[in-house]
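Remarks on the structure that follows.
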Amino acid sequence: MASNPISRKSFIWSSISIAKNYRFDGLDLAWEYPKTEVEMSNFGKLLEEWRSAVGDDNDRTEIPELLLTAAVYYSSD
22 MASNPISRKS FIWSSISIAK NYRFDGLDLA WEYPKTEVEM SNFGKLLEEW
72 RSAVGDDNDR TEIPELLLTA AVYYSSD
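Under this note's numbering, the residue at position 68 of the sequence shown is numbered 89, and the numbers go up by one with no gaps.
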């Protein structure tokens with residue numbers, strides 16, 4: 022999903038819509054064990070676009086801005 026710009030956009034706006042519909046305070050993304058540097062790069066793109074979309078949505082509504090959190094893989098290498 023994260024490697025395709027159209028899929029990323031669909032995921033982002035769907036998640037925001039669901040969160041607002043159910044009055045969530047935020048969203049948590051679990052991203053486990055990236056296999057390649059490309060996957061890590063795509064994850065970064067997803068987070069940047071998601072954060073931007075949440076901010077844009079907040080500018081248009083009176084609802085408090087959603088919190089975004091993520092459980093991610095870490096390697097000291």
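Ideal Cβ placement from N, Cα and C applies to all residues, glycine included.
Euclidean distance between Cα positions of V75 and Y54: 25 Å
Between the CA atoms of R29 and L68 - distance to the nearest angstrom: 10 Å
Contact set for L88: own chain, Cβ-Cβ below 8 Å, skip 5 residues either direction: D46, G47 and L48
Nearest by alpha-carbon distance to I27: which of E70, D80 and I37 is it? E70
Contact set for I84: own chain, Cβ-Cβ below 7 Å, skip 5 residues either direction: K41
Which residues DSSP lists as bridging W52, in chain order: V93
For T82 and chain D, any beta-carbon pair shorter than 9 Å? The structure shown contains no chain D; it holds only a single protein chain.
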